[in-house]
Amino acid sequence: MIVYVARRLALAVVVVAGVIALTFVVARVVPGDPAATWAGPHASAAQLAAARRFLGLDRPPAAQLLAYFAGILTGNWGVSIHTHQPVLSDIGTAAPASLELVSAALIMAIAAGIPLGLVSARWPGRSLDHAIRAGSILGVSMPIFWMALILQLVFAQRLRLLPAAGEYSSGLLFTHPLARHTGFDVIDALITGNWPMLGSTLSHLALPAVVVAAYPAGLITRLVRAQVLDTIGETHVQMIRALGFPERAVFGRFAMKLAWNPVAAAVALVFGYSLVNTFLVESIFDWPGLGSYTAASVSSLDTPAILGVTLFIALVYVAANLIVDIIQAGLDPRIRLR
Amino acid sequence: MIEAPAPLPPAATGLRGQARWRGLAGNRLMAAGGLMAALIVIVALLAPLIAPLPGDADTATHPFLVLHPPSARHWFGTDQVGRDVFSRVLYGARVSPLIAAAVLVFACAIGIPLGICAGYFGGWLDEVIMRVTDIFLAFPPLLLALAFAAVLPASLTSLTIAIGITWWPWYTRLIRGQAASVAGRAYIESCRALGIPRRRIILRHILPNSITPLIVQVSLDVGGVILTASALSFLGLGAQDPTPDWGLMVSEGESYFTTAWWVVTFPGIAILLTAFAFNLLGDGLRDLLDPRRDLLR
Amino acid sequence: MRLQVSELTVRFGTRQVAHIGDFSLGEAEIVGLAGESGSGKSMTTLAILGLAHTVGATVTGSIRLDGTELTSMSQRELRDVRGRRIAAIFQSPAMAFSPVFKVGSVVLRALRLHGMTRAEAAEAAARALRQVLLPTGLLDRYPAQLSGGQLQRVAIAIAIALRAEILLADEPTSALDVTVQAEVLDVLRDLRDRQGMSVLFISHDLAVVAELCDRVAIMHDGRIVEQGPATQVLSAPRHSYTAGLLAAVPSIRDSAHR
Chain B
59 MIVYVARRLA LAVVVVAGVI ALTFVVARVV PGDPAATWAG PHASAAQLAA ARRFLGLDRP
119 PAAQLLAYFA GILTGNWGVS IHTHQPVLSD IGTAAPASLE LVSAALIMAI AAGIPLGLVS
179 ARWPGRSLDH AIRAGSILGV SMPIFWMALI LQLVFAQRLR LLPAAGEYSS GLLFTHPLAR
239 HTGFDVIDAL ITGNWPMLGS TLSHLALPAV VVAAYPAGLI TRLVRAQVLD TIGETHVQMI
299 RALGFPERAV FGRFAMKLAW NPVAAAVALV FGYSLVNTFL VESIFDWPGL GSYTAASVSS
359 LDTPAILGVT LFIALVYVAA NLIVDIIQAG LDPRIRLR
Chain G
394 MIEAPAPLPP AATGLRGQAR WRGLAGNRLM AAGGLMAALI VIVALLAPLI APLPGDADTA
454 THPFLVLHPP SARHWFGTDQ VGRDVFSRVL YGARVSPLIA AAVLVFACAI GIPLGICAGY
514 FGGWLDEVIM RVTDIFLAFP PLLLALAFAA VLPASLTSLT IAIGITWWPW YTRLIRGQAA
574 SVAGRAYIES CRALGIPRRR IILRHILPNS ITPLIVQVSL DVGGVILTAS ALSFLGLGAQ
634 DPTPDWGLMV SEGESYFTTA WWVVTFPGIA ILLTAFAFNL LGDGLRDLLD PRRDLLR
Chain S
1335 MRLQVSELTV RFGTRQVAHI GDFSLGEAEI VGLAGESGSG KSMTTLAILG LAHTVGATVT
1395 GSIRLDGTEL TSMSQRELRD VRGRRIAAIF QSPAMAFSPV FKVGSVVLRA LRLHGMTRAE
1455 AAEAAARALR QVLLPTGLLD RYPAQLSGGQ LQRVAIAIAI ALRAEILLAD EPTSALDVTV
1515 QAEVLDVLRD LRDRQGMSVL FISHDLAVVA ELCDRVAIMH DGRIVEQGPA TQVLSAPRHS
1575 YTAGLLAAVP SIRDSAHR
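See below:
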């Protein structure tokens, strides 16, 4: 097991190096002169030269790449043209909200996807199965930004069931201020026993999370269904039946155990995917996460910020895949025995 | 008679092997998806003939018809500059599938040759190509496309290139796996021993035998590309006004959404139905041609 | 007779795959069910256990276990019978155990399913493993770490631990080496002699059937064409198909004479 982890870690490091290099390349693809953007439209020649030196653009490309690498590793991810803050600290402020949203969405997706997939596999070909299959394909076909708008209109505006925007009711900031420990509102509210705040954050989290959960839920449902159906015809399942186990154990415990592996892999894949999906819904729900930050960066053409977020998410993605690979090896002995 | 719970429809095999009934249901799915997709393509082709106000899909504006709700004259209402939403939605059917086709052709054009080289020649070429794809695949698809689209001037062409750049690594990987396994087969050895030129082997043996999973994957991807393209257009990185791109229409109507719901709703439904149709089609095709494949990419 | 089968018909839709007019299994005997692959032998196992529906087949006829009619039992009642009174082992032992569970996990769960406490299950499993000459440490391993012969013996051990009356062995040695085969056959003989188990030995390998079984039934095209004491059927076959099968079996004696 240790050997396997070490191998995967080494591979991940290589990939991360490549990811950093790729973002560097993308940065250099920008048409136009970053120095000019930085210095502003009325800069003099001397100011432009100074800007160029400041941004390190006067050195040869190889040196720039090395400097970029060194910068990334030491925490210097550039400075946002828009906020004039270090990109890394901007990301640090915005990331928790997005991570909270994605985590909530994934929890919902798993909680819905696994039972639905099992039900679908248990009675295949029946109308319930067809409905679930159609529903799951609908889920992965959903334009997220549109779903966000529709849900916001229906549930928040028209029916007034859920709040329309924000992370929590701003009024509560005065009556029940939230002490910040982890940066994650829900967790902070929970550990400080701030119940009104907890209720508020959860209800504000509901709509955005449901929107982001649509794609993963559809994916997981289809995956569980396919995996369980694949295994259900195999000899070891017949053996379990022949030993006298009831159908629900056959499906729930034995067939499902083999499905956890691909489900875990899917969750990693979809974590990064959903993190990017939040870009589309955060501005709609006034959710102060990476998505809003990126949307603002995109409209102001803030290249360092865009690249910083890209790098961040890619690293999260690599990390998620690494963790899942290790968990998979733990769940399925065949992987580490190979 | 043994009392039994819900029985499976007749399976082809007994204790060994898997129930093949999935193929039957898959056919229905594929038929439904294929029908919808065909309808959308027909609408796209006939848009100039069906649309009541084709000019609205272009530069026409009607300042006195701004934000009218759906009526007999404007089935989907009018948008913020008075254009007929129905006509624009119809013309939008020409935009999205076209982008998807362009992206996928681009991705295949790069991915197939690279994949075949990597799979057939192996060795260091394979290693290099695989590491490069690894790095590209380390990014979630939309993200890399977003990054590229953000640094290129906003247009449909940049959009296509940006998404195409993110898509080719998957195909390289796919083809490479197939090509490698085909290249390892005994009859390829005999081809080589017979002195058949390399190019011939690749074109007439390796390529045709590697292509099936790619066809399935491409059909599965059409929906995904359409969603990605509309998402990027929504963010302002793709189509520009007055192009009747569905994603763009949703973003343009966003500010008026609470009072004029129709500007956002109908283009969105169009995106949903198109992606749904192609996903159904791709799913059914996959069930038919390659049922063992991973649902994950 | 412990198990009595009469007029048992297995169908896929309208297509009939097996019809057994009259067949029985008595105490402490090994009965062989021989025939080519595809002659409907394997469906018999599923039919007896009431699991034919899981592959889409329907069953009519009578299967009596110690006088009780199995075909009129509900699934719940059948679950009590499966494993506990009628056990089954399958052709490919490596495929019969789920690769992601430790072998012991399945064994102990099965024992506790049929009413044993954790302690009783552990004890019964240990005793059963000793009887099939396997170390108890094996329970902590995964199926990939055990050989086919060992896995098959573990499967038999479950039947022993549950004190099953009948063991349905569906081609249990076909996927094993000849030497390993011998071990498993020894265990089966042991079951008959020490436990008084009734064993239904399904196989296409007439040589093994001849060596192991007390009585034998020959299946062809889903029907039993001949049955009787093994020595009688296999040395003086009455049906042409049986004669044909026997003629096709290569014998070491024959080749030595050439």
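Each protein sequence line maps, in turn, to chains B, G and S. Numbers given in the working numbering equal positions in the first sequence, counted from 1, plus 58. Numbers given in the working numbering equal positions in the second sequence, counted from 1, plus 393. Numbers given in the working numbering equal positions in the third sequence, counted from 1, plus 1334. Beta carbons: idealized from backbone N, C-alpha and C, even for Gly.
Chain-order list of residues whose beta-carbon lies under 6 Å from that of residue i (same chain, five-residue window excluded)
i: B/Ile385; result: Ala322
Closest residue to residue i among the options (Cα-Cα distance)
i: B/Ala326; options: B/Val367, B/Phe337, B/Asn379; result: B/Asn379
i: B/Phe82; options: B/Asp187, B/Leu164, B/Leu123; result: B/Leu123
i: S/Leu1678; options: S/Gly1360, S/Arg1345, S/Ser1340; result: Nothing about residue 1678 of chain S can be read from this structure; chain S reaches only from 1335 to 1592.
i: B/Phe127; options: B/Ile78, B/Pro119, B/Leu159, B/Phe303; result: B/Ile78
i: S/Ala1544; options: S/Val1567, S/Met1407, S/Leu1472; result: S/Val1567
i: S/Val1389; options: S/Asp1511, S/Asp1524, S/Asp1548, S/Val1344; result: S/Val1344
i: B/Val71; options: G/Gly448, G/Ile443, G/Ile528; result: G/Ile528
i: B/Glu26; options: B/Ala103, B/Leu236, B/Arg117, B/Arg306; result: Here chain B has residues from 59 to 396 only, and residue 26 of chain B is not among them.
i: S/Phe1346; options: S/Ala1564, S/Gly1556, S/Arg1497, S/Ala1491; result: S/Gly1556
i: B/Gly171; options: B/Leu281, B/Ser332, B/Lys315, B/Thr289; result: B/Leu281
i: G/Arg569; options: G/Glu520, G/Phe541, G/Gly470; result: G/Glu520
i: S/Gln1425; options: S/Ala1381, S/Arg1475, S/Leu1502, S/Ala1462; result: S/Leu1502
i: B/Pro415; options: B/Ala313, B/Arg110, B/Leu211, B/Val286; result: The requested residue 415 of chain B does not occur in the structure, where chain B is confined to residues 59 to 396.
i: B/Thr336; options: B/Ala153, B/Phe232, B/Ala317; result: B/Ala153
Straight-line Cα distance separating residue j from residue i
i: S/Leu1546; j: S/Ile1364; result: 7 Å
i: B/His262; j: B/Asn252; result: 15 Å
i: S/His1554; j: S/Glu1370; result: 7 Å
i: G/Ile456; j: B/Leu207; result: Correcting the residue type first, residue 456 of chain G is Pro in the shown sequence and not Ile. Approximately 26 Å, taken between the alpha carbons.
i: B/Gly347; j: B/Val339; result: 10 Å
i: G/Leu536; j: B/Thr259; result: 28 Å
i: S/His1591; j: S/Val1583; result: Bear in mind that the predicted position of S/His1591 carries a pLDDT of just 47, short of 50, making it unreliable; the figure below should be weighed with that in mind. Cα-Cα distance, rounded: 15 Å.
i: G/Trp414; j: G/Ala670; result: Because G/Trp414 carries a pLDDT of 44, less than 50, the predicted location of this residue cannot be relied on, and the following value inherits that uncertainty. So the alpha carbons of these two residues sit roughly 22 Å apart.
Cutoff 7 Å: residue i Cβ touching any chain G Cβ
i: B/Tyr226; result: no
i: B/Gly175; result: no
i: B/Ala222; result: no
i: B/Phe203; result: yes
i: B/Gln215; result: yes
Residue-level contact to chain S via CB, residue i, 7 Å cutoff
i: B/Arg396; result: Model confidence at B/Arg396 stands at a pLDDT of 48, short of 50, so the residue's coordinates are unreliable; what they give is reported in the following sentence. False, the Cβ-Cβ gap to chain S never drops below 7 Å.
i: B/Gly302; result: yes
i: B/His142; result: no
i: B/Met314; result: no
i: B/Met297; result: yes
Distance cut-off 6 Å: residue i Cβ against heavy atoms of the ligand MN
i: B/Gly251; result: The model depicted lacks the ligand MN and carries no ligand whatsoever.
Same chain, Cβ closer than 8 Å to residue i, neighbours up to 5 away in sequence not counted
i: G/Ile599; result: Ile509, Gly512, Tyr513, Ala572, Val575, Ala576, Ile581
i: S/Gln1350; result: Thr1343, Val1344, Gly1556
Beta carbon proximity, residue i to chain B, threshold 7 Å
i: G/Met394; result: For G/Met394, the predicted structure reports a pLDDT of 29, less than 50, and the residue's modelled location is therefore unreliable. A value from the coordinates is still provided. Answer no: the Cβ-Cβ gap between G/Met394 and chain B never drops below 7 Å.
i: S/Arg1345; result: no
i: G/Pro533; result: yes
i: G/Gly416; result: Since pLDDT at G/Gly416 reaches only 48, below the 50 mark, its modelled position is unreliable, and the value read off the structure follows with that caveat. False, the Cβ-Cβ gap to chain B never drops below 7 Å.
i: G/Ile556; result: no
i: S/Gly1417; result: yes
i: G/Gln411; result: Interpretation of G/Gln411 is limited by its pLDDT of 37, a score under 50 that renders its predicted location unreliable; the figure taken from the coordinates is listed afterwards. Cβ-Cβ to chain B under 7 Å: yes for G/Gln411.
i: G/Ile664; result: yes
i: G/Pro403; result: Caution is warranted here: a pLDDT of 32 is assigned to G/Pro403, below 50, making its placement in the model unreliable, and no coordinate value can be reported.
i: S/Phe1535; result: no
i: S/Phe1431; result: yes
i: S/Ala1447; result: Note that residue 1447 of chain S corresponds to Leu in the displayed sequence, not to Ala. Output row for S/Leu1447: interface = yes.
Cβ neighbours of residue i in the same chain (closer than 7 Å, five flanking residues each side left out)
i: B/Leu277; result: Val198, Ala324, Val328
i: B/Ala155; result: Glu225, Trp345, Pro346, Gly347
If we count Cβ pairs, one from each stretch, closer than 8 Å, do we get three or more for the stretch 345-362 of chain B versus the stretch 130-141 of chain B?
yes
Does the stretch 366-376 of chain B come into contact with the stretch 292-299 of chain B, if we say contact requires no fewer than three beta-carbon pairs (one atom in each stretch) closer than 8 Å?
no
Sufficient close CB pairs (3 or more, under 8 Å) joining the stretch 419-430 of chain G to the stretch 671-681 of chain G:
yes
Cβ contact check for the stretch 482-498 of chain G and the stretch 601-608 of chain G: 3 or more pairs under 8 Å:
no
For the 8 Å Cβ check, are there 3 or more pairs between the stretch 548-559 of chain G and the stretch 492-510 of chain G?
yes
Contact between the stretch 1404-1418 of chain S and the stretch 1471-1491 of chain S: three or more CB pairs below 8 Å?
no
Within the chosen definition, does the stretch 255-275 of chain B reach the stretch 147-162 of chain B through at least 3 CB pairs nearer than 8 Å?
yes
So, do the stretch 1436-1448 of chain S and the stretch 1519-1527 of chain S have three or more beta carbon pairs nearer to each other than 8 Å?
no
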